[in-house]
Amino acid sequence: MVKSRRSLLLPQRCVEVLRALKAERDRAREAAGTAWHGSDLVFCTKNGTALSAENVRRDLRKVLDRAGLVATDWTPRVLRHSFVSLLSAHDVPLENISRLVGHTNTIVAETVYRKQIRPVMQEGARAMDAIFPTEPEG
Numbered sequence: 001m002v003k004s005r006r007s008l009l010l011p012q013r014c015v016e017v018l019r020a021l022k023a024e025r026d027r028a029r030e031a032a033g034t035a036w037h038g039s040d041l042v043f044c045t046k047n048g049t050a051l052s053a054e055n056v057r058r059d060l061r062k063v064l065d066r067a068g069l070v071a072t073d074w075t076p077r078v079l080r081h082s083f084v085s086l087l088s089a090h091d092v093p094l095e096n097i098s099r100l101v102g103h104t105n106t107i108v109a110e111t112v113y114r115k116q117i118r119p120v121m122q123e124g125a126r127a128m129d130a131i132f133p134t135e136p137e138g
């Protein structure tokens, strides 16, 4: 398994949630005593071992259900697409987005992940409105 060596600055909201989760995991490890088999993972099973892909999907479904969302509509992959699309819609340069998701170039982010929230056709309409304004200038 290849482990990522990238360091990312996290939004403050994420830092606070991760600190709370880490504290919760520390309490669980202490309570479990010798039954704890993991190391110092923040995201882990109830006995401290690494999560499997199925663990992640199951836990994501629980969170989505509690949030009142349709859990079957969301997967980790959909969240990744949404992350790229939201950054793109907020004018984050594609090169930066690609680096954030671990790509060596922009091709995959541009052709696979980025789904425009606002259709590109709006750009053409805005450009034409600027070229041919409905109100005469002056």
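Note that full-length UniProt numbering has the sequence shown beginning at 1, numbered continuously upward.
For every residue, glycine included, the Cβ atom is placed at its ideal position computed from N, Cα and C.
Small disclaimer: the values here were computed from a predicted structure and weren't measured.
Among the options, which residue has its Cα nearest to the Cα of residue i?
i, options, result
"R77", "C14, L60, M128", "L60"
"W74", "V56, L18, R13", "V56"
Where does residue i fall in DSSP's three states?
i, result
"A125", "helix"
"A67", "coil"
"D59", "helix"
"F83", "helix"
Would you say residue i and residue j are within 9 Å of each other, going by their C-beta atoms?
i, j, result
"V42", "L21", "yes"
"A109", "L94", "yes"
"residue 215", "A31", "No statement about residue 215 is possible, as the shown extent of the chain runs from 1 to 138 and does not include it."
"C44", "R25", "yes"
"A71", "K62", "yes"
In the DSSP output, which residue or residues are listed as bridge partners for residue i?
i, result
"C44", "A50"
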